[in-house]
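Chains as they are written, first to last, in the numbering used here: chain B, 1 to 195; chain G, 1001 to 1141. Note that beta-carbon positions come from the ideal geometry of N, C-alpha and C, so glycine has one too. Keep in mind that this is a model prediction, so the values were computed, not measured. Read through the structure below, which is laid out as structure tokens, and then see the notes.
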């Protein structure tokens, strides 16, 4: 027996607007992994990511009646997530200087990560933990705007047009921010580049 | 399409940074708890407003119709208020006396249970309109 096709986002949004909270649960289930990736790579802290993501989905639920469907739900939820994350980071920076001790460091135990790096340069294999630390440090040194485009383009694999919509900027600006961010990251990660 | 640079390849390794297993299930449970708690805490007026909106949605009337009804209601309300104010305005009252016959306006000052009222500021009234004086008791059986 075939499974019923998964309901489309539009249908789930319409049902949520009619008061069906379980429809929104499905949207949370569908988008929380991507939204997590977006926030985590901006904050580099799991606990903070969890708190911000709770607020993001609560805000989306409260505002869903105002969602007219001009963009996809995917774009809409990513826009909310990005705006709330940047606001959170601004507040956090005001509260205290970001300590890099706050950055999570457990990727070295991730089997996918080990496999992905096993065929790389031997120097990198010996230094997975250091590499992850450097990556996070380098990301945190970027401005919020530059970190956002790197997160969405390089890590999440979004196209330029989608990033432009989410950030409310032109595609040209996305490209120039990426170019500048890559140049900065190159400087920070110089020693990990291939010889 | 350009080949990804070394730096991009390195940054892409961050894709493998994932939360612990079962995290997203726990996240959903926590979200549901907060969402339901928030729904229960909503003020009464907000619940009533939602009910009204839901009821209106049943009519399938375009939003512009609601706006028109609202504008019309405000207009009618404004007219009622302005007409009430206009009736008690001295300027309008004195203007209306200009078209009356002299007999109607020339009348002796009237004392009405207390302070003297200047008749010229009152709307005209005819003697005939007054109740005839009677010495009989109002009720006789």
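At a beta-carbon threshold of 7 Å, the residues of chain B lying near residue 1015(G) are 155, ordered along the chain.
DSSP places residue 4(B) outside both helix and strand once states are collapsed to three, so it counts as coil. Here residue 132(B) is buried. Its C-beta has 16 or more other C-beta atoms within 10 Å.
With a threshold of 9 Å between beta carbons, residue 1038(G) makes contact with chain B. In the three-state reduction of the DSSP assignment, residue 1024(G) falls in the helix class.
The count of Cβ pairs closer than 8 Å, one atom from the region 64-75 of chain B and one from the region 170-181 of chain B, stays below three, leaving the stretches out of contact. Under the Cβ criterion of 9 Å, residue 81(B) is not counted among the residues facing chain G.
Membership of residue 147(B) in the alpha helix (DSSP H) is indicated by the continuous run 144-150. In this model, residue 1024(G) and residue 33(B) are separated by some 7 Å (Cα to Cα). Taking all protein chains shown into account, residue 179(B) has fewer than 16 neighbouring C-beta atoms within 10 Å of its C-beta and is therefore exposed.
Assignment of residue 1083(G) by DSSP, reduced to helix, strand and coil, places it in the helix class. Contacts with chain G at 9 Å (Cβ-Cβ) do not include residue 73(B). In the DSSP annotation of this structure, the continuous segment of the alpha helix (DSSP H) that includes residue 73(B) starts and ends at 73-95. When the five nearest sequence neighbours on each side are left out, the beta carbons in the same chain lying within less than 8 Å of the beta carbon of residue 49(B) are those of 36, 39, 40, 43, in order along the chain. For residue 32(B), the chain G residues whose Cβ falls inside 8 Å of its Cβ are 1024, 1027, 1028, in order along the chain.
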